[in-house]
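Everything below concerns the one structure shown next.
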Amino acid sequence: MTKVKFIHIADLHLDTPFKGLSNWNSDLASKLKDATFKSFRNTVDLCLKENVDFLIISGDVFDDQNKSLAAQIKFVDELKRLSDNAIPVYFTCGNHDPLSSWLPSLQLPENVFRFGSAKVEKYTYKKGNAPIADIYGISFQNKSVKKNLAVKYKLTGKPAPISIAVLHGTVGAAGPHENYAPFKVADVMGQQYDYWALGHIHKRQIIHESNPAIVYPGNPQGRDFGETGAKGCYIVEIKEGNTPGFEFIPTQVIRFEEVEINLTGEDRIDRLPGIIEEAKSAIDDYNENTSYILRITLKGRTALHAQLNKKGEIEQLLEHFNDGQLSQANFTWIDRFDLKTQPDIDIERVARGTDFTAEILKAIKKNEDDSVKLQKLIEDIDM
Numbered sequence: 110m111t112k113v114k115f116i117h118i119a120d121l122h123l124d125t126p127f128k129g130l131s132n133w134n135s136d137l138a139s140k141l142k143d144a145t146f147k148s149f150r151n152t153v154d155l156c157l158k159e160n161v162d163f164l165i166i167s168g169d170v171f172d173d174q175n176k177s178l179a180a181q182i183k184f185v186d187e188l189k190r191l192s193d194n195a196i197p198v199y200f201t202c203g204n205h206d207p208l209s210s211w212l213p214s215l216q217l218p219e220n221v222f223r224f225g226s227a228k229v230e231k232y233t234y235k236k237g238n239a240p241i242a243d244i245y246g247i248s249f250q251n252k253s254v255k256k257n258l259a260v261k262y263k264l265t266g267k268p269a270p271i272s273i274a275v276l277h278g279t280v281g282a283a284g285p286h287e288n289y290a291p292f293k294v295a296d297v298m299g300q301q302y303d304y305w306a307l308g309h310i311h312k313r314q315i316i317h318e319s320n321p322a323i324v325y326p327g328n329p330q331g332r333d334f335g336e337t338g339a340k341g342c343y344i345v346e347i348k349e350g351n352t353p354g355f356e357f358i359p360t361q362v363i364r365f366e367e368v369e370i371n372l373t374g375e376d377r378i379d380r381l382p383g384i385i386e387e388a389k390s391a392i393d394d395y396n397e398n399t400s401y402i403l404r405i406t407l408k409g410r411t412a413l414h415a416q417l418n419k420k421g422e423i424e425q426l427l428e429h430f431n432d433g434q435l436s437q438a439n440f441t442w443i444d445r446f447d448l449k450t451q452p453d454i455d456i457e458r459v460a461r462g463t464d465f466t467a468e469i470l471k472a473i474k475k476n477e478d479d480s481v482k483l484q485k486l487i488e489d490i491d492m
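This is how it looks when you write it as structure tokens:
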């Protein structure tokens, strides 16, 4: 039975200028700038380890049309590693790296195929002389493409056993992304492709599981707190006539996460480092071999409230936690603390008193199941 195994990635955004962090320094900036390149290197390592048939990149290799020479050379160096191991690469150009922005002097390695922009093109992957998979795609010529490209994808000639469409564009609502090359799921359902390898949307999602599979892998390296969670690629296996199978593999080297910590009842500041470490380890898909940049919200009724809210304390605490972190292979950098704690007040004890506050608490308790009376009580207090 004919089958292929490949890796699908998109939106590498190599050379991204990271921004939007509250707590910033030059060492962190350097690590973040390298992160997109290291993530791509991890993907190439995975291609070699898994001995895949080919790699698909669904647009936006670079973050900007004015990509640096160093970024282009680094990209080509990784492609050479695949070419040297007879692993083809098929990629489209998206809105961040349209075809018109690529230097004519940049020579792509053998076995690397970049789709043109004039029409949907087809490359056929073969084993020996036997056609295995037809891979179709089209690149953006310029940044802004507003027309529906998906409807242009038509099978041509004698089809190979497996057909794959590579497209950079927006299916359905764009959300936070520009609505480039927009299309609907209905536009691609009847086109006889086994797999639609999509790019542009940075959130990993499987739009449709089979007949055809329609997949966004998300970007392989988060770049800010709008791109939290595990980031990586899909290993895809397609057998002729069968439902494609896909496995998500993280490739990011730095992960952005927002964490909430409830300090209710906590009265010892020396326990805070351990509490933060526990909260980090409880993150979904936590990976000890990944660095983390965290925004931490501290909440709850705690005896630490006054101390945490004292002027300058939280800044010193932040400096203490981050001290020496960037010298570690896998670091944890706290971008900021958001304080939403409250004083640790014993409500029951206060309610047993005889002052005005106690009377209010007793009245609230008495009427807590009667919303009308409770609202009237609140209005009376406001007066």
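In our numbering, the protein residues as written are 110 to 492. Heads up, the beta-carbon is just placed ideally off N, CA and C, and yes, glycines get one too. Source: prediction; values computed, not measured.
Under DSSP, the beta strand (DSSP E) around residue i begins and ends at which residues?
{"i": "A306", "result": "Y304 to G308"}
{"i": "T406", "result": "S400 to T411"}
{"i": "A322", "result": "A322 to Y325"}
{"i": "P240", "result": "A239 to G246"}
{"i": "P359", "result": "G354 to P359"}
{"i": "G341", "result": "G341 to K348"}
{"i": "K231", "result": "E230 to K236"}
{"i": "I316", "result": "Q314 to H317"}
Could you pull the start and end residues of the alpha helix (DSSP H) that residue i belongs to?
{"i": "L191", "result": "L178 to D193"}
{"i": "V294", "result": "V294 to V297"}
{"i": "F430", "result": "E422 to N431"}
{"i": "S390", "result": "L381 to S390"}
Taking only the alpha-carbon atoms, compute the straight-line gap between residue i and residue j and give it to the nearest angstrom.
{"i": "E230", "j": "D186", "result": "25 Å"}
{"i": "L121", "j": "I473", "result": "56 Å"}
{"i": "G338", "j": "G331", "result": "8 Å"}
{"i": "G374", "j": "Q451", "result": "11 Å"}
{"i": "P270", "j": "L427", "result": "57 Å"}
{"i": "K158", "j": "D333", "result": "29 Å"}
{"i": "L413", "j": "R377", "result": "7 Å"}
{"i": "R380", "j": "Q174", "result": "48 Å"}
{"i": "A144", "j": "L123", "result": "9 Å"}
{"i": "F292", "j": "V280", "result": "5 Å"}
{"i": "K485", "j": "L407", "result": "33 Å"}
{"i": "G308", "j": "I405", "result": "31 Å"}
{"i": "V260", "j": "E349", "result": "24 Å"}
{"i": "N328", "j": "E366", "result": "15 Å"}
{"i": "K142", "j": "V161", "result": "28 Å"}
{"i": "E219", "j": "L191", "result": "10 Å"}
{"i": "L435", "j": "D136", "result": "7 Å"}
{"i": "S253", "j": "I310", "result": "15 Å"}
{"i": "T265", "j": "Y232", "result": "11 Å"}
{"i": "F222", "j": "F200", "result": "6 Å"}
{"i": "T360", "j": "K471", "result": "56 Å"}
{"i": "A180", "j": "G421", "result": "41 Å"}
{"i": "D447", "j": "A415", "result": "14 Å"}
{"i": "I392", "j": "L217", "result": "40 Å"}
{"i": "E397", "j": "V362", "result": "11 Å"}
{"i": "E287", "j": "G299", "result": "26 Å"}
With which residues is residue i paired in a DSSP beta bridge?
{"i": "V221", "result": "V198"}
{"i": "N371", "result": "K408"}
{"i": "R364", "result": "Y401"}
{"i": "H277", "result": "G308"}
{"i": "D447", "result": "T406"}
{"i": "S167", "result": "T201"}
{"i": "W442", "result": "I402"}
{"i": "P268", "result": "Paired residue(s): none; P268 is not in a bridge."}
{"i": "P452", "result": "T411"}
Let me check understanding here. Comparing Cα to Cα, which of the options lies closest to residue i?
{"i": "F184", "options": "D193, V170 and P197", "result": "V170"}
{"i": "E356", "options": "R364, V362 and E346", "result": "E346"}
{"i": "Y234", "options": "L212, A195, F146 and Q216", "result": "A195"}
{"i": "N320", "options": "G308, A295 and Y343", "result": "A295"}
{"i": "F224", "options": "V198, Q300 and F149", "result": "V198"}
{"i": "Y245", "options": "A239, I443, H277 and N251", "result": "H277"}
{"i": "D444", "options": "T125, I323, N134 and P126", "result": "N134"}
{"i": "D394", "options": "I385, R364, L407 and K408", "result": "R364"}
{"i": "P240", "options": "K112, R404 and N418", "result": "K112"}
{"i": "L417", "options": "Y401, D453, C202 and V254", "result": "D453"}
{"i": "S209", "options": "K114, S248, K449 and I116", "result": "S248"}
{"i": "L403", "options": "K189, D206, N132 and I118", "result": "N132"}
{"i": "P207", "options": "S167, E336 and N220", "result": "S167"}
{"i": "L258", "options": "Q301, D162 and A274", "result": "A274"}
{"i": "D154", "options": "I116, S139, A180 and K128", "result": "I116"}
{"i": "Y304", "options": "I310, R313, K312 and H317", "result": "H317"}
{"i": "L164", "options": "N396, H311 and I344", "result": "I344"}
{"i": "Q314", "options": "A138, P326 and S177", "result": "P326"}
{"i": "S400", "options": "P213, L212, Q425 and A438", "result": "A438"}
{"i": "G129", "options": "F446, H429, G335 and Y302", "result": "G335"}
{"i": "Y262", "options": "Y302, A242 and A179", "result": "Y302"}
{"i": "P126", "options": "P268, E386 and K140", "result": "K140"}
Using a Cβ-Cβ cut-off of 7 Å, state whether residue i counts as contacting chain D.
{"i": "N288", "result": "Annotation note: the requested chain D is absent from the structure, which comprises a single protein chain."}
>> As an exercise, report each continuous beta strand (DSSP E) stretch of at least 3 residues that is fully enclosed by the stretch 112-151, in chain order.
In response: 112-118
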